[in-house]
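**Student:** Protein chains in written order, with the numbering used here: chain A, -19 to 233; chain B, -19 to 233. Here a beta-carbon is modelled for each residue, glycine too, at the ideal position from N, C-alpha and C.
2 protein chains.
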Amino acid sequence: MLKVVVIGSGNVGQHLIKALKAVPDVLLLQAFSRHPEKLDNILVPEQITDNITNLVDADLYIIAVKDDAVMQLSSQLNFTDKLVVHTSGSLGLEAIDNKNRGGVFYPLQTFSVNREINFNTVPFCLEAENETDYTILKELASKLSKNVYNVNSAQRQALHVAAVFVNNFTNHMYTIGSKICDDNSLPFDILKPLIQETAFKIQDLPPTQAQTGPAIRNDILTIQKHVNFLTNEKIREIYILLSQSIQANAEKL
Amino acid sequence: MLKVVVIGSGNVGQHLIKALKAVPDVLLLQAFSRHPEKLDNILVPEQITDNITNLVDADLYIIAVKDDAVMQLSSQLNFTDKLVVHTSGSLGLEAIDNKNRGGVFYPLQTFSVNREINFNTVPFCLEAENETDYTILKELASKLSKNVYNVNSAQRQALHVAAVFVNNFTNHMYTIGSKICDDNSLPFDILKPLIQETAFKIQDLPPTQAQTGPAIRNDILTIQKHVNFLTNEKIREIYILLSQSIQANAEKL
């Protein structure tokens, strides 16, 4: 029975706590939160603490807080030689104070408090200072998900940048699409089936092969019409830069 | 019984022909193609012609060809005063030669020859020169899909630009993510659940509210790390411009 403590009660923390509670052979003992009320509906009061020096003895401590708070919290732990991991895509192993054994337990997914996540498909990217700890993390992650990856710090950094493109920037494309709809008295709903199919398509087609549109066709007339249509300077700049990038990319293939 | 002829055998043409064949109260009489072999598995030889002046009498002619061929084909039709529509997002009504009654029958979706499309959710954007013709198009579209919209030429132009952002440019974000994975010995599969969830999330959350990541958090440290990581100049430029745009957009809210 693996005894686990979760430190943090934000999006990732809450989803992890819920998921860990449901996993067999895992005992979620306690959670730390500066805002214990956030966990009221998830844990009983005895399982929640707002005092970081008051953590119970466990096999694994998962720090699921904002990047810039990981280092400080890990240095405040009043025990040593325990397995302590963070859940961040952009921090290295060294973010865990070296009085404990560091590791990374990074779920590569976008979390919202009010949306259920099916952990079964969430890719877990794992790293640990030694083999034994890695095995502990791998066994735990495999109970949560069928997608478990050994990812070193350099790869995780790359992955985090890639995630910014496919998640943050893609969502910004949706925002721009939504704004264009608003400005032209069209419901954003009209774009949603296209957005879904765009994401589905690359499940079995490489994105370079799925590319369509005026840029890849080098349809200068349509591109010019679109550029003229876009009166917002920043959005026009994005249109031009991304069209150029699609064309540059096509030349290399 | 509505008698229909489809002109064109590309992605949209083929999908439309298959869908129309399955619709009750619609009789797909004939299809025109410069490459009749493309339709071999869809229609019997008697239904296919490669001679544009050889079209049979019908209630509706749907021109589903590349944008720059619509005008020429519509002017080559050797009949008058028939309802002739195109399926383009970027062309106006005037692309149909005025010897016939023009209209637009624009399915707002991304089509690939080898991928089945569930027409039931595809938004159809309709326009016609007169009420009677609009009603014909609306009845037909409603048999194919539950999402039918009255969209004028100015709105359709806007929609086409919005579609470039949420489809073409989003797919390019996937391409960049895939390239970063390749360059770092990571499988692109690792990003796919994130890509799916990003698209699912905005089904019930406005994209401005779904925005996450270093740009919206104004996390300068992470942004700087990412910019340093990106050695490809064009991709770095995209990272910076999109991060700025996310921040500018947040200020306005």
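Buried or exposed for B:SER245, going by 16 or more other Cβ atoms inside 10 Å?
**Tutor:** Because chain B is modelled from -19 through 233, residue 245 of chain B falls outside the range shown and cannot be assessed.
**Student:** With distances taken Cα to Cα, identify the nearest neighbour of B:GLN(-6) among B:ALA49, B:LEU8, B:THR155, B:ALA179.
**Tutor:** B:LEU8
**Student:** Anyone know if the C-beta pair for A:THR178 and B:THR192 falls short of 8 Å?
**Tutor:** no
**Student:** Indicate the three-state DSSP secondary structure (helix, strand or coil) for B:PRO245 in the structure shown.
**Tutor:** Nothing in the structure corresponds to residue 245 of chain B, since chain B is present only between -19 and 233.
**Student:** Under DSSP, the beta strand (DSSP E) around B:PRO87 begins and ends at which residues?
**Tutor:** 81 to 87
**Student:** Would A:MET(-19) be called buried (16 or more neighbouring beta carbons within 10 Å of its own) or exposed?
**Tutor:** Using a 10 angstroms sphere on the CB of A:MET(-19), the tally of other CB atoms stays under 16, which defines it as exposed.
**Student:** How far does the alpha helix (DSSP H) with A:ASN208 in it extend, from its first residue to its last?
**Tutor:** 200 to 209
**Student:** Can you pull the chain B residues whose beta carbon is under 7 Å from the beta carbon of A:ILE156, in chain order?
**Tutor:** Going along chain B in sequence order, the residues near A:ILE156 (Cβ under 7 Å) are PHE145.
**Student:** What residues from the segment 77 to 103 of chain B come within 8 Å of chain A, judged by C-beta to C-beta, listed N to C?
**Tutor:** LEU88, GLN89, THR90, SER92, ARG95, ILE97, THR101, VAL102, PRO103
**Student:** Locate the beta strand (DSSP E) running through B:ALA11, then write down its first and last residues.
**Tutor:** DSSP places B:ALA11 inside the beta strand (DSSP E), whose first and last residues are 6 to 12.
**Student:** What runs of the beta strand (DSSP E), each 3 residues or longer, lie entirely inside the segment -17 to 50 of chain B?
**Tutor:** 6 to 12, 40 to 43
**Student:** Can you pull the chain B neighbours of A:THR178, defined as C-beta to C-beta under 8 Å?
**Tutor:** THR90, VAL146, ASN147, THR150, ASN151, ALA179
**Student:** Please classify B:PHE261 as buried or exposed, where buried requires at least 16 neighbouring CB atoms within 10 angstroms.
**Tutor:** This structure does not reach residue 261 of chain B, given that chain B is present from -19 up to 233, and the question cannot be answered.
**Student:** Are at least three pairs of beta-carbons, each pair with one atom in the segment 100 to 118 of chain B and one in the segment 135 to 145 of chain A, less than 8 Å apart?
**Tutor:** Not touching, per the Cβ criterion.
**Student:** For the segment 80 to 161 of chain A, list the beta strand (DSSP E) runs that are entirely contained and at least 3 residues long, ordered along the chain.
**Tutor:** 81 to 87, 104 to 108, 128 to 130
**Student:** Which of the three DSSP states is assigned to A:LEU63 in this structure?
**Tutor:** strand
**Student:** On the premise that B:ALA44 lies in contact with B:GLN(-16), defined as a C-beta separation below 8 Å, what is that separation, rounded to the nearest angstrom?
**Tutor:** According to the sequence shown, residue -16 of chain B is Val rather than Gln. Not quite, the Cβ-Cβ distance comes to about 11 Å (not below 8 Å), so this is no contact.
**Student:** Check the C-beta distance from A:SER125 over to A:PHE99 and give it rounded, since I have them as a contact under 8 Å.
**Tutor:** 5 Å
**Student:** From the DSSP output, in three-state form, read off B:ILE196 for me.
**Tutor:** In the three-state reduction of the DSSP assignment, B:ILE196 falls in the helix class.
**Student:** Which two residues bound the contiguous alpha helix (DSSP H) that contains B:LEU174?
**Tutor:** 172 to 181
**Student:** What are the residues in the segment 182 to 215 of chain B lying within 8 Å of chain A by C-beta distance?
**Tutor:** Answer in chain order: ILE182, GLN183, LEU185, PRO186, PRO187, THR188, ALA190, GLN191, THR192, GLY193, PRO194, ALA195, ILE196, ASP199, LEU201, THR202, LYS205, HIS206, PHE209, LEU210, LYS214, ILE215.
**Student:** Would B:PRO194 pass as a contact of A:THR155 if the rule is Cβ separation under 8 Å?
**Tutor:** no
**Student:** For the segment 56 to 73 of chain A, enumerate the residues whose C-beta is nearer than 8 Å to any C-beta of chain B, in chain order.
**Tutor:** SER70
**Student:** Quick one: does B:ASN130 have its CB under 8 Å from some CB of chain A?
**Tutor:** no
**Student:** Per the contact definition of three or more C-beta pairs closer than 8 Å, is the segment 115 to 130 of chain B in contact with the segment 192 to 211 of chain A?
**Tutor:** no
**Student:** Please classify A:ALA38: is it buried, with 16 or more other beta-carbons within 10 angstroms of its beta-carbon, or exposed?
**Tutor:** buried
**Student:** For B:ASP61, which residues from the same chain have a beta carbon less than 8 Å from its beta carbon, with the 5 sequence-adjacent residues on both sides left out?
**Tutor:** LYS79, ASN80, ARG81
**Student:** Given this structure, state the Cα-to-Cα distance separating A:THR115 from A:VAL64, to the nearest angstrom.
**Tutor:** Each residue's Cα considered, the two are about 14 Å apart.
**Student:** Would you say B:VAL43 lies against chain A (beta-carbon separation less than 8 Å)?
**Tutor:** First, the amino acid is wrong: residue 43 of chain B is Ile here, not Val. So, not an interface residue.
**Student:** So if I threshold CB-CB distances at 9 Å, which residues from the segment 161 to 172 of chain B count as touching chain A?
**Tutor:** CYS161, ASP163, ASN164, SER165, LEU166, PRO167, PHE168, ASP169, ILE170, LEU171, LYS172
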